[in-house]
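Visitor: To start, I am sharing the structure in question, which I have written as C-alpha cells.
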Amino acid sequence: MNYWLLKSEPESYSIDDLAAEPGQTTCWSGVRNFQARNFLRDQMAEGDMAVFYHSGTGPSAVGTARVVRAGYPDETAWDPADNHFDPKSTPERPLWFAVDVRFVSKFAAPVPLGAMRHVTALNGMELLRKGSRLSVMPITKEEFDIVCAMGAQGGQQ
DNA sequence: GCCAACGTTGGC
DNA sequence: GCCAACGTTGGC
4 MNYWLLKSEP ESYSIDDLAA EPGQTTCWSG VRNFQARNFL RDQMAEGDMA VFYHSGTGPS
64 AVGTARVVRA GYPDETAWDP ADNHFDPKST PERPLWFAVD VRFVSKFAAP VPLGAMRHVT
124 ALNGMELLRK GSRLSVMPIT KEEFDIVCAM GAQGGQQ
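Residue numbers for the first sequence follow my numbering, beginning at 4 and rising by one.
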C-alpha cells in the first residue's frame, strides 16, 4: 500500500468540492506533467491513501482521500473544449492518465506548509523542496501519519 | 504582484 | 544534443 499527496488549488477544486461530490468520489484528471503522470499510471493502486493539499494562499494539507480506481486514460485530454485538451493523446494511444479518489476526512484544522517545514520527520517530503511543482507525489506512511496527526490536533505539534 | 524554480519548445 | 526563451506553478 502506498501513500500520496495530491495538490490542488482550492479555487479550482477543494476538499469541500470532493466531499460534496456524489459518492464523495471524483476523477483526478487534468494532470499534464510526465512525472506525475507516471505515478498515476503506474503506481497508484486501489486502496492507496492520499493527503489532500491546497496550494495558493494559505497553503496547507486539509484532509485525506482514498484511491478507489487505479490509473486509466484521462478522457479530458480528448475533449477540444476542455482546458486540458491535448491533441497528442488519443483513445488509441492515451498520453495522460487519471485515477478516481474518494473523500475520507477533512482535518479538524488545516496543517500549514510552514508547520510541516518545522517537523524534522517531514524534511524529506518532495512538497517541502523549494520550487516543488509536482501535483501528485509519493509520501511515506510515516509522513502520512504525522500530517494526519497534526491535522487532528488542529495543526499544533 | 513579484519572483524563483521548473518543464517544454524550438533554433541551431 | 545544447541552450535560450518562454509559459506555468506556487510561495510569499
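Using N, Cα and C, we set each Cβ at its ideal position, and we do this for glycine too.
Taking its Cβ as the centre, do 16 or more other Cβ atoms sit within 10 Å of Glu-49, making it buried, or is it exposed?
Guide: Exposed is the call here.
Visitor: Taking DSSP as the reference, what is the three-state secondary structure of Ala-111?
Guide: Assignment of Ala-111 by DSSP, reduced to helix, strand and coil, places it in the strand class.
Visitor: Spatial neighbours of Leu-8 within its chain, please: C-beta separation below 7 Å, excluding the five flanking residues on both sides.
Guide: Ala-53, Val-54, Tyr-56, Leu-130, Met-140, Ile-142
Visitor: Which residue from Tyr-16, Ala-152, Asp-103 puts its Cα closest to that of Met-169?
Guide: Here the chain comprises residues numbered 4 to 160, so residue 169 is not present and cannot be evaluated.
Visitor: Does the structure place the region 81–90 close enough to the region 64–73 that three or more beta carbon pairs sit under 8 Å?
Guide: no
Visitor: At 3 residues or longer, what runs of the beta strand (DSSP E) sit wholly inside the region 17–62?
Guide: 28–31, 52–57
Visitor: Smallest Cα separation from Val-34: which of Lys-144, Asp-148, Arg-136?
Guide: Arg-136
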